[in-house]
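A.B. asks: Let me begin by handing over the structure; questions about it come next.
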Amino acid sequence: MPSTQVEVRRTYAPETEAAILDAVHESLVAAFAIPVEDKHVRLVVHEPHRFAVPPTLSSPEAYTLVVVDCFAGRSVDAKRALYREVSRRLGVLGIPADHITVIVRDIETTNWGIRGGQAACDVDLGFDVNV
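Heads up, the sequence shown is in the UniProt record's numbering, so the first residue is 1 and it goes up one at a time.
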């Protein structure tokens, strides 16, 4: 059950915002083998002056940061697949691959409370995090 935040430096039409969220979620489903219904993705839109990026970017307004907080256990290959999937799927929406950063933060299940205040390590998640 990754919790994912997508941060951008410009506003998009509502349908494009939804497409960005869907693209990131579909990337997680493909790379991390999470259930399709396990969707926890949010979009934060920053004013450009509040979100500094390298001045060398050709389209700084398109810079996109994706931060995935997830249960520890995913392999390096699964993470590589995630990076590729996110870049490919956001690329279809016009976001250049070299303007996308993906950060994966592994969190032990003992440090994640779910389902009415239970530690995730005490719950049958219904999927394997060791992919």
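For glycine and all other residues, C-beta sits at the position ideal for the given N, C-alpha and C.
DSSP on D38, reduced to helix/strand/coil?
C.D. replies: Note: D38 maps to coil in three-state DSSP.
A.B. asks: Compute the Euclidean distance between the alpha carbons of R40 and I34, then round it to the nearest angstrom.
C.D. replies: The sequence given here has His at residue 40, not Arg. Those two C-alpha atoms are separated by around 11 Å.
A.B. asks: Cβ atoms of L82 and L28: under 8 Å apart, would you say?
C.D. replies: Contact: yes.
A.B. asks: Is the beta carbon of V109 sitting closer than 8 Å to the one on F71?
C.D. replies: Correcting the residue identity first, residue 109 is Thr in this sequence and not Val. Cβ distance < 8 Å, so T109 and F71 count as in contact.
A.B. asks: Who are the Cβ neighbours of V36 in its own chain at under 7 Å, not counting the five residues just before and after it?
C.D. replies: Only V29 meet the Cβ criterion.
A.B. asks: Give the single residue among A13, V24, D38 whose Cα lies nearest to the Cα of G126.
C.D. replies: Here the closest residue by C-alpha is D38.
A.B. asks: Within 10 angstroms of its Cβ, does S59 collect 16 or more other Cβ (buried), or is it exposed?
C.D. replies: By the 10 Å Cβ count, S59 comes out exposed.
A.B. asks: Going by the DSSP bridge assignment, what does V67 pair with across the sheet?
C.D. replies: Answer by DSSP bridge pairing, in chain order: Q5, I103.
A.B. asks: From the DSSP secondary-structure annotation, give me the bridge partner or partners of V44.
C.D. replies: DSSP lists E7 as partners of V44.
A.B. asks: Grouping DSSP H, G and I as helix and E and B as strand, with all else coil, what is A13?
C.D. replies: If DSSP states are grouped into helix, strand and coil, A13 belongs with coil.
A.B. asks: In three-state terms, what does DSSP make of I95?
C.D. replies: I95: coil per DSSP, three-state reduction.
A.B. asks: Nearest-angstrom Cα distance between M1 and R89?
C.D. replies: Those two C-alpha atoms are separated by around 20 Å.
A.B. asks: Since I believe V24 is in contact with V86 (beta carbons under 8 Å), could you give me their beta-carbon distance rounded to a whole number of angstroms?
C.D. replies: Contact holds; Cβ gap of about 6 Å.
A.B. asks: Do the region 112-129 and the region 90-102 touch if we need at least three Cβ pairs shorter than 8 Å?
C.D. replies: No contact exists between the region 112-129 and the region 90-102.
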